[in-house]
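Some notes on the structure that comes next.
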Amino acid sequence: TYDDCAGAIALSCGDSVVGETLTATDSGGNAAPDVFYKFTGSGTQQLVTISLCGGGTDYDSALRVFDDCDLLNELAFNDDSCGLQSEVSFTSDGTSTYYIMVEGFGSSSGNFSLDVSCQDPLPNDDCGGAIAMTCGETVTGSTVGATTDTGAPACGPAITSPGVWYSFNDNSGLPGDITVSLCNGTDFDSKLSIYSGDCSALVCVDGNDDSCGLQSEVTFASDGNTQYYILVHSFGGATGNFTLDVTCMPTPPPNDMIANSIDVDEIGFPYTDPAVAMPAATTENGNPQDCDLTGANGVWYNFVSAGDGQANAMIVTPGGASSVTFYTAPDENATETDLVLVPQNTNQCAPGTSASIYTLAGQAYYVFVLNTGAITDITIDGTNLGVSDNDIVGFSYYPNPTEGIVN
Numbered sequence: 001t002y003d004d005c006a007g008a009i010a011l012s013c014g015d016s017v018v019g020e021t022l023t024a025t026d027s028g029g030n031a032a033p034d035v036f037y038k039f040t041g042s043g044t045q046q047l048v049t050i051s052l053c054g055g056g057t058d059y060d061s062a063l064r065v066f067d068d069c070d071l072l073n074e075l076a077f078n079d080d081s082c083g084l085q086s087e088v089s090f091t092s093d094g095t096s097t098y099y100i101m102v103e104g105f106g107s108s109s110g111n112f113s114l115d116v117s118c119q120d121p122l123p124n125d126d127c128g129g130a131i132a133m134t135c136g137e138t139v140t141g142s143t144v145g146a147t148t149d150t151g152a153p154a155c156g157p158a159i160t161s162p163g164v165w166y167s168f169n170d171n172s173g174l175p176g177d178i179t180v181s182l183c184n185g186t187d188f189d190s191k192l193s194i195y196s197g198d199c200s201a202l203v204c205v206d207g208n209d210d211s212c213g214l215q216s217e218v219t220f221a222s223d224g225n226t227q228y229y230i231l232v233h234s235f236g237g238a239t240g241n242f243t244l245d246v247t248c249m250p251t252p253p254p255n256d257m258i259a260n261s262i263d264v265d266e267i268g269f270p271y272t273d274p275a276v277a278m279p280a281a282t283t284e285n286g287n288p289q290d291c292d293l294t295g296a297n298g299v300w301y302n303f304v305s306a307g308d309g310q311a312n313a314m315i316v317t318p319g320g321a322s323s324v325t326f327y328t329a330p331d332e333n334a335t336e337t338d339l340v341l342v343p344q345n346t347n348q349c350a351p352g353t354s355a356s357i358y359t360l361a362g363q364a365y366y367v368f369v370l371n372t373g374a375i376t377d378i379t380i381d382g383t384n385l386g387v388s389d390n391d392i393v394g395f396s397y398y399p400n401p402t403e404g405i406v407n
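Below, the structure written as structure tokens:
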């Protein structure tokens with residue numbers, strides 16, 4: 001009889017059966033009488049749901065799923081999914097036989113009605129099928145029909161409910177903060193767990209249960225060169241629909257704002273600012289005279305010319321929108337609106353990857369560099385064009401001597 005696992009009654013997708021545990025004995029699990037069913041797949045992987053929730057179950061039930069009649073490897077378990085009744089889901093590989101124990105909570109027994117439903121598994125039910133996302137992307141999804149990821153390490157909140165997976169490959173090269181959010185359009189009590197590593201060796205990064213009401217949001221620091229895995233799951237066995245947002249906020253360069261401009265003459269010429277995270281720069285707060293910087297996001301340098309000479313600045317790795325521009329300033333504590341464009345042909349308020357100017361001794365200068373599409377080195381050099389004495393070699397004039405201006 002089906003009181004023992006060896007006598008388990010075969011079930012198929014779509015079956016509904018009735019039974020009772022009143023006259024059964026206890027084979028394991030809780031100290032309650034139990035009976036057994038078995039399910040063998042039809043050749044393709046499926047998500048199988050065994051439910052006592054459809055009515056007809058008159059006691060506090062429990063369900064367990066095993067991979068054989070030794071009852072040593074429990075694949076799934078549920079006590080209360082719908083009131084005091086139970087529902088459990090597991091993934092069938094399509095060929096193996098699975099053994100289902102129907103029992104009670106504590107020592108409860110009674111009559112039950114059991115339903116079997118099958119569906120193709122969600123493509124991202126497992127980490128290996130994680131759906132790739134990018135910065136700024138929003139996706140909608142559902143955990144209905146997913147299974148519980150018992151093999152994933154706990155990360156933040158415990159993993160006790162069905163979940164689905166997404167991945168985000170941060171290969172921007174720009175360190176910064178990544179925010180993963182379920183705060184908009186999620187209709188169940190959600191949880192989030194974020195991992196690095198790979199699906200066979202996941203490493204916890206951060207997790208959250210309730211950030212915005214019953215919904216979840218996680219912000220974590222990224223190094224700009226790591227792939228992350230996102231598990232959307234829930235509290236208390238809940239399933240439902242969700243909206244998942246991924247936003248990125250790279251850390252701006254230290255000289256992003258003019259107030260933090262790098263004072264180059266204190267460091268020395270020639271100067272190289274290495275691997276500047278230009279795409280992470282933020283927009284400017286004002287406009288110099290003769291140059292509109294509205295919407296521009298760049299970095300700042302400043303110096304006071306030690307003598308009459310020349311200054312040059314260059315973007316080593318241009319990318320996206322690029323420009324290099326010199327401005328005069330009243331001193332080295334200027335704001336954008338204090339600046340005046342240096343009016344020379346080799347220094348334009350226009351796209352470009354380099355600029356050069358003639359400098360005047362004692363004058364303060366600022367350099368604004370824009371390069372929206374690439375991390376780059378930025379080089380600045382200054383040379384003194386003054387002569388050391390009044391001796392002029394290789395020059396003759398007539399008549400000699402002469403007075404006044406020689407043309």
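Numbered per the numbering used here, the sequence shown spans residues 1 to 407.
Where is the CB? At the ideal position from N, CA and C, for every residue including glycine.
A quick note: this is a predicted structure, and the numbers were derived from the prediction, not measured.
- The stretch 227 to 286 contains, as complete beta strand (DSSP E) runs of 3+ residues, the segments 241 to 250 and 271 to 276 (chain order).
- Between the alpha carbons of D381 and P270 lies a distance of about 4 Å.
- Straight-line spacing of the CA atoms in D331 and Q363 works out to 8 Å.
- Checking the DSSP bridge columns, you'll see I50 partnered with V88 and V116.
- In this structure, the straight-line span from the alpha carbon of A311 to that of A329 is close to 15 Å.
- Pairing I131 with N371, the inter-Cα distance amounts to about 32 Å.
- Only buried fits Q46, as 16 or more other CB atoms lie within 10 angstroms of its CB.
- Close CB contacts of S193 within its chain, under the 6 Å cut and outside five residues either way in sequence, are with C155, G156, G207 and L231 (chain order).
- Closest by C-alpha distance to P162, out of V180, N225 and A238, is A238.
- Assignment of alpha helix (DSSP H) within the stretch 6 to 77, counting only whole runs of 4 or more residues, yields no such run.
- Taking A6 as reference, the option from C69, V65 and V17 with the minimal CA-CA separation is C69.
- The residue from Y228, G110 and S42 with its alpha-carbon nearest to that of Q119 is S42.
- Note on geometry: alpha-carbon atoms of A277 and S211 lie some 31 Å from one another.
- Taking all protein chains shown into account, T25 has fewer than 16 neighbouring C-beta atoms within 10 Å of its C-beta and is therefore exposed.
- Taking V102 as reference, the option from T91, V65 and G94 with the minimal CA-CA separation is V65.
- The beta-carbon separation of F368 and G286, rounded to 12 Å, does not stay under the 8 Å limit for a contact.
- Just so you know, the alpha carbons of P253 and D125 end up roughly 39 Å apart.
- Taking the C-beta atoms as reference points, P288 is found nearer than 9 Å to D338.
- The stretch 180 to 205 contains, as complete beta strand (DSSP E) runs of 3+ residues, the segments 190 to 198 (chain order).
- By the criterion of a C-beta distance shorter than 7 Å, M249 is surrounded in its chain by G176 and D177, once the five residues flanking it on both sides are discounted.
- Cβ neighbours of N169 within its own chain (closer than 6 Å, five residues either side excluded): Q227.
- Around the beta carbon of S200, fewer than 16 other beta carbons lie within 10 angstroms, which makes this residue exposed.
- Here the C-alpha atom of I258 lies approximately 8 Å from the C-alpha atom of Y301.
- Of the candidates I357, T179, L293 and A306, the residue whose Cα lies closest to the Cα of L244 is T179.
- Around the beta carbon of E284, 16 or more other beta carbons lie within 10 angstroms, which makes this residue buried.
- G128 carries a helical assignment under DSSP once its states are collapsed to helix, strand and coil.
- Distance from S261 to Y366 at the Cβ level is roughly 7 Å; contact confirmed, criterion being Cβ atoms closer than 8 Å.
- DSSP places I375 outside any beta strand (DSSP E), giving it a letter other than H or E.
- If you ignore the 5 residues before and after F112, its C-beta comes within less than 8 Å of the C-beta of V18, G19, E20, T21, L52, G56, T57, D58, Y59, S61 and V102, all in its own chain and listed in chain order.
- The continuous beta strand (DSSP E) containing I357 extends over residues S354 to T359.
- In this structure, P279 sits near A374, with a CB-CB distance shorter than 9 Å.
- Residue state for E336 is assigned as helix, using DSSP reduced to three classes.
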